[in-house]
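Numbering (the working numbering), first residue to last: 472 to 638.
Just so it is clear, CB atoms sit at the ideal spot from N, CA and C, and this is done for glycine as well.
Note that the structure is a prediction, hence the values are computed from the model and not measured.
To keep things clear, I will list the structure first and then write my remarks on it.
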Amino acid sequence: MSGPELTRFLVAFLSFLIMLTGLAGTVLPALPGPELMWLGALAYGVFAGFGKWGPWLFALITLLTIASEVATFALGQAGAARQGASCLSIIVSAALGLVGMFVIPVVGALLGAMLGVFAVEYYRRRDWKEAWRATTGMLWGYGLSLGAQFVIGLAVMFVWGVWVWAG
């Protein structure tokens, strides 16, 4: 391998490692999954060049990353709603999840969202069992979202692989 080919190979290899770490992050809350995969694809484009198909494939990777993030939010909230959570508890859950993300890194978003659903539903119903039922619905939806993120992460890696192969 000469200079340019070696450079392209090394960039692809490092991008692959970033993507693999991101894929692990789709199921491990300690790692930023989809965002890390997107950054790996961006790094590949910047350092190896986007080429003919790169802009289109990177746009597809961007859309998949957005879909992954939407799935995380939507499935968790849908699980809570399925178990009878009110619109207010879903809104409070989203707000406390956002706050929790900054207050307690790694698990704060999930804990904040759980607290939001439980607190509003307990206040609303005055029944801790019903409040817990809505909270477990949110957790069930969150679990589904991890599966969706992983599958979308595999799709991102496939699209990126096509991009690397196409040059």
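| Item | Value |
| --- | --- |
| Length of the line joining the Cα atoms of G493 and Y613 | 18 Å |
| Euclidean distance between Cα positions of V633 and R597 | 54 Å |
| Three or more C-beta pairs below 8 Å linking the region 585-600 and the region 563-571 | yes |
| Simplified DSSP state of W524, which is helix, strand or coil | coil |
| Same chain, Cβ closer than 8 Å to F521, neighbours up to 5 away in sequence not counted | F529 |
| Whole-angstrom distance between F487 and A605, CA atom to CA atom | 39 Å |
| Exposed unless 16 or more other CB atoms sit within 10 angstroms - verdict on I532 | buried |
| Where W509 falls, given that 16 or more other Cβ within 10 Å makes a residue buried | buried |
| Cα-Cα separation between T497 and E476, rounded to whole angstroms | 31 Å |
| Whole runs of the beta strand (DSSP E) within the region 509-587, excluding any shorter than 3 residues | none |
| Sufficient close CB pairs (3 or more, under 8 Å) joining the region 572-579 to the region 549-560 | no |
| CA nearest to the CA of I489, picked from E506, V570, S473, L534 | E506 |
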